[in-house]
Structure formats: structure tokens, C-alpha cells
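Numbering (the working numbering), first residue to last: 5 to 110. Note sheet for the following structure.
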């Protein structure tokens, strides 16, 4: 219900708790209104930044990718920082036998 009209108290979020994860993960409308019952400090992250963080490659994977990129001839002219930037942007995709990896004309 809108703020100021009657509402039902569904739950209380205690220190360390969280809310809003469905909207953050699945781009669905908020399922409830959250109202502070006391003075509160709340950490907020918007969906765009959350997705950016979730897309970050763990450092161990970046190092693994860089070691592969170091052996790719066409990337030899790149500086090490540039190869690392490429490694951080990579998205690992798994294919099964027979899967089309790239279609002619794409």
C-alpha cells in the first residue's frame, strides 16, 4: 500500500539483514515497502552496479586468462596492463560437443 495508508507489518529487518534482492537480481517490481522504524543506516546498491560487481572476474581467473593471452601471437604487441584489461573483460563460456560456437555471418 502507499505510504500513509494502512499497511501490514510483514517482517522486521534487524542489523545485518537485507531486503530487495528479488528486484536486484530479476528486474521485478519491489514486492514490499520498507519503512524505517528507528534511525537507521542502510547500504544501497543499484542494479547496474550490482551487475558490474557480479560480472567481475576473480583475481585467480584473471591470472589464468592472462597466462593464456600471453601465448596468443596476435596479442603480443599489447602491454601487460592491456592484456590484463582484456582478461578482466572476458566471459568464460562452456560448450558441449557439437555446439555451434560461432555461426557464419554473425
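We put the beta carbon where it would ideally sit given N, CA and C, even for glycine.
Pick from the options that is closest to residue i, judged by C-alpha positions
{"i": "residue 24", "options": "12, 46, 42, 106", "result": "46"}
{"i": "residue 21", "options": "99, 105, 38, 62", "result": "38"}
{"i": "residue 33", "options": "110, 44, 51, 18", "result": "51"}
{"i": "residue 60", "options": "75, 12, 95, 103", "result": "95"}
Exposed unless 16 or more other CB atoms sit within 10 angstroms - verdict on residue i
{"i": "residue 87", "result": "buried"}
{"i": "residue 5", "result": "Residue placement at residue 5 is poorly supported in this model, since its pLDDT is 46, which falls under 50; the coordinates are not used for a value here."}
{"i": "residue 72", "result": "exposed"}
Simplified DSSP state of residue i, which is helix, strand or coil
{"i": "residue 16", "result": "coil"}
{"i": "residue 45", "result": "coil"}
{"i": "residue 5", "result": "The pLDDT assigned to residue 5 is 46, lower than 50, so where the model puts this residue is not dependable; a value taken from the coordinates is nonetheless given after this. Looking at residue 5 - three-state DSSP - the assignment turns out to be coil, as it is neither helix nor strand."}
{"i": "residue 24", "result": "coil"}
{"i": "residue 76", "result": "coil"}
{"i": "residue 108", "result": "coil"}
Neighbourhood of residue i by C-beta distance below 8 Å, restricted to the same chain and skipping five residues each side
{"i": "residue 16", "result": "41"}
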